[in-house]
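Structure, as structure tokens:
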Amino acid sequence: VQEEDLKSNARPLALSGHVGFDSLPDQLVNKSTSQGFCFNILCIGETGIGKSTLMDTLFNTNFENFESSHFEPKVKLRAQTYDLQESNVRLKLTVVNTVGFGDQMNKQESYQHIVDYIDTQFESYLQEELKIKRSLHNYHDSRIHACLYFIAPSGHSLKSLDLVTMKKLDSKVNIIPVIAKADTISKSELHKFKIKIMSELVSNGVQIYQFPIDDETVAKINTAMNGHLPFAVVGSTEEVSIGNKMVKARQYPWGVVQVENENHCDFVKLREMLICVNMEDLREQTHTRHYELYRRCKLEEMGFRDTDPECKPVSLQQTYEEKRQEFVGELQRREEEMRQTFVQRVKEKEAELKDAERELQGKFEQLKRMHAEEKSKLEEKRRSLEEEMSVFSKRKAATELLQAQAFNTSTNNKKDKDRKK
Amino acid sequence: MQTIEHPLPCLSESDTQGIIKGRDLFGYVGIEAVLDQMRRKTMKAGFEFNIMVVGQSGLGKSTLVNTLFKSKVSRKSCTPNYEEKISKTVHLQSVSHIIEEKGVKMKLTVIDTPGFGDQINNENCWEPIVKYVNEQYEKYLKEELNVNRKRRIPDTRVHCCVYFLPATGHWLRPIDVEFMRRLGKIVSIVPVIAKADTLTLEERLEFKQRIRQDLQANGIRVYPQKEYDEDAEDRILNDKIRENIPFAVVGTDKEHQVNGNKVLGRKTKWGIIEVENVAHCEFALLRDLLIRSHLQDLKDVTHNIHYETYRVKRLNESNANGLALSPLTLENGTLEKSDAESHL
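This is how it looks when you write it as structure tokens:
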């Protein structure tokens, strides 16, 4: 398809000498080298299945991980970024590990966080792409380019959690299933196990990443490798001496499993495919297939279309303008509504307060009346009391007068008596 | 080295952790194989390159393009079969060819501008050209904004505009200044002195100096623009090129025998001007710049700078009245009006 695009309305022309544009791929590659590459791997697997060890082994370094607990309430994702350099190639590698996958009692929501994480990375790229002032060529691409799904080496079949998770992810990311801790399976069991896994994936419609076979240079090796999926891997950062060399291996009492021995496990195949042969294709697929799908779905969700109902092409601009008008209109309407509600409430409150005031006023009047009544009653009583008091004091005065008179008279009588004697 | 727990926003430069350098890789990983992978993919996809030539007729534009790409890319207007039309306006003609060299396929489009500067009244003769350049940006922008978009957006944007200056030996003419000033803002201009075999070496040097002075005095930016040098290495390389701008070129498609070798050259009564001889003219420098060393850079500058500038302008135009709200923040119900990063 790409070649057709190139050839449209252009005639081929023969060159009569060396022009020099054969240096173009080199010019392009030099630019990329100076900018550096980004590669992001997501490792999904149960706790303790060997994700971190495999990453250490794959990239021949120590990523300083610590063991996770088995008691995580929810599946979390932990992302770590590293700047690796080999000769003049700088790679910004991000390894995202799931924490607590498969540990919960109820695993129904396990895959959701992973899906959300992948979508978030697509979302931030989309946001950057839609910005007015953007800098895409400086952007740190955090989209997941490859997802290594670690299958437990039970030797029987895939777990239902595996199937459900992979089904949810296969349209969002390049899935590369690997059988972890493959040194626990014997060769014959492994063969049967691989066949069982692949047939289960096919019958459940899970689309895993296929190594591309359209480029002649790598078609042969990729086709061969496609037949070995899923890779049975063993990871180890410890070295054991075999013969006179130090090799990465796991030492058991009954023998030594050499990581880089193709008879022992498929580690070398995984490294070949993931890094040496198809890293660029993984990045390209992520961008041109998975990201475009996300973008298309997201934009359609928001109501953007390329053609309106009459099948005339509609520009994003137009749709955006319409949406903006819609939104602004909606906003204004809501504002109006809120204002109305507010005014209404104020009125109600006012009425309430008025009622309360009136009530209070009424009570006050009543109290006042009562008070006045009491006061007048009191006045009456006081008056009557005063009257009584005045009557009493008059009587008292009169009585005293009488008494005084009586005494006087008796004293006079006595005097008279005395004189008479 | 930090550990970030989900939810994870976009990782910015400040989140970079753990610089593990090559010596910490305990052994072979194979990362450098990615360079070959890239090379393979780009060779399979092929390249596109669009070059525009502008200048009065008779300055040797077609001949130069043919010499650059060693093939009959353009039809020369001096051939007897060419229909001479005295066009009242500048009209642009674009012709595409596929050329291949050592497995590298390139779709080369040459945009010619017959009629430029040929009228008596040349006012606004740059307008059709400006319109064309912007039309190509618009086409690309439209495709990029589609919901369903092509895997590979066809690139018809002008990556390089070669402007031909007549070898008067004096200064830039008003038409030169006007054109380069306007076009220099939207496309990468490479000015050349055409038919430079009419200038002696001293005259050439002086002419070039005068032109450079004129360019600076009028604020005209030509390729490679100083502002876009990425690092010190780039700057040193580009400074050397800037010292030689504009290149004094001679074009031809005829070969002659010189000292027992077949060379491209113009034969005159007083000698043979060897086009690819750096002592005679600077054609080789131009070719090296345009094709062998800076072709990808020309495309990158067009895509990352000129196109982005057009896009910003265009998207701001449609937001001219009102808030610039992202339809994406619409969903969260938050109104984020940020001036620094306004979204669509």
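Taken in sequence, the protein lines are chains A and B. 1 is the number of the first residue of the first sequence in the working numbering; add one for each residue after it. 1001 is the number of the first residue of the second sequence in the working numbering; add one for each residue after it. For glycine and all other residues, C-beta sits at the position ideal for the given N, C-alpha and C. Being a predicted model, the structure only gives us computed values, none of them experimental.
Give the straight-line distance between the Cα atoms of residue i and residue j, rounded to the nearest whole angstrom.
i: Phe1047(B); j: Thr1067(B); result: 20 Å
i: Gly17(A); j: Phe1179(B); result: 34 Å
i: Tyr1228(B); j: Val1301(B); result: 8 Å
i: Gln405(A); j: Ser390(A); result: 22 Å
i: Val1104(B); j: Gly20(A); result: 10 Å
i: Gly100(A); j: Leu77(A); result: 9 Å
i: Arg134(A); j: Arg1311(B); result: 10 Å
i: Val95(A); j: Cys43(A); result: 7 Å
i: Asp103(A); j: Leu163(A); result: 16 Å
i: Tyr149(A); j: Gln207(A); result: 13 Å
i: Thr1042(B); j: Pro25(A); result: 7 Å
i: Asn1050(B); j: Ser142(A); result: 33 Å
i: Leu1286(B); j: Glu1138(B); result: 29 Å
i: Thr341(A); j: Glu348(A); result: 10 Å
i: Lys172(A); j: His290(A); result: 5 Å
i: Gln1037(B); j: Asn62(A); result: 26 Å
i: Asp1214(B); j: Glu1123(B); result: 20 Å
So that I know if they touch, is there some Cβ in chain B lying closer than 8 Å to that of residue i?
i: Asp22(A); result: yes
i: Cys276(A); result: yes
i: Asp215(A); result: yes
i: Pro230(A); result: no
i: His137(A); result: yes
i: Gln27(A); result: yes
i: Lys312(A); result: Since pLDDT at Lys312(A) reaches only 46, below the 50 mark, its modelled position is unreliable, and the value read off the structure follows with that caveat. Chain B, which has no Cβ nearer than 8 Å to the Cβ of Lys312(A), makes this no.
i: Ala10(A); result: yes
i: Gly100(A); result: no
i: Gly17(A); result: yes
Using alpha carbons as the reference points, say which of the options lies closest to residue i.
i: Val1095(B); options: Gly1060(B), Lys1070(B), Thr1156(B) and Glu1101(B); result: Thr1156(B)
i: Ser284(A); options: Arg395(A), Asn174(A), Asn408(A) and Lys417(A); result: Before going on, a small fix: residue 284(A) reads as Glu here, not Ser. The shortest Cα separation from Glu284(A) among Arg395(A), Asn174(A), Asn408(A) and Lys417(A) belongs to Asn174(A).
i: Thr33(A); options: Phe39(A), Met55(A), Gly48(A) and Asn88(A); result: Asn88(A)
i: Asn138(A); options: Met105(A), Ala152(A) and Lys31(A); result: Lys31(A)
i: Lys245(A); options: Glu260(A), Gly45(A), Ala398(A) and Val234(A); result: Glu260(A)
i: Arg11(A); options: Met1038(B), Phe1116(B), Val1065(B) and Glu1100(B); result: Glu1100(B)
i: Asn947(B); options: Trp1171(B), Leu1201(B) and Glu1255(B); result: Since the first residue of chain B shown is 1001 and the last is 1344, residue 947(B) is not available in this structure.
i: Ile1220(B); options: Lys1185(B), Val1250(B), Ser1071(B) and Ile1193(B); result: Lys1185(B)
i: Tyr1223(B); options: Arg1212(B), Ile1031(B) and Asp1197(B); result: Arg1212(B)
i: Glu67(A); options: Thr61(A), Thr98(A) and Lys92(A); result: Thr98(A)
i: Ser1188(B); options: Leu1199(B), His1159(B) and Pro1246(B); result: His1159(B)
Decide if residue i is buried, meaning its Cβ has at least 16 other Cβ atoms within 10 Å, or exposed.
i: Gly303(A); result: exposed
i: Lys448(A); result: The structure shown does not extend to residue 448(A), since chain A is modelled only from 1 through 421, so no value can be given for it.
i: Val346(A); result: exposed
i: Gln325(A); result: exposed
i: Lys394(A); result: exposed
i: Asn1259(B); result: exposed
i: Glu337(A); result: exposed
i: Asn1238(B); result: buried
i: Met273(A); result: buried
i: Arg271(A); result: buried
i: Tyr1307(B); result: buried
i: Asp1112(B); result: buried
Using a Cβ cut-off of 8 Å (strictly closer), state whether residue i contacts chain A.
i: Ala1033(B); result: yes
i: Gln1225(B); result: no
i: Lys1139(B); result: no
i: Ser1062(B); result: no
i: Thr1113(B); result: no
i: Asn1316(B); result: yes
i: Met1180(B); result: no
i: Gly1030(B); result: yes
Could you have a look at residue i and say whether DSSP puts it in helix, strand or coil?
i: Thr1109(B); result: strand
i: Ile197(A); result: helix
i: Ile221(A); result: helix
i: Leu402(A); result: helix
i: Ser1096(B); result: strand
i: Gly362(A); result: helix
i: Met1043(B); result: helix
i: Val19(A); result: coil
i: Met302(A); result: coil
i: Tyr1223(B); result: coil
i: Ile118(A); result: helix
i: Lys92(A); result: strand
Does at least one heavy atom of the ligand MG sit under 7 Å from the Cβ of residue i?
i: Leu13(A); result: Among the ligands in the structure shown, none appear at all, so the ligand MG cannot be discussed.
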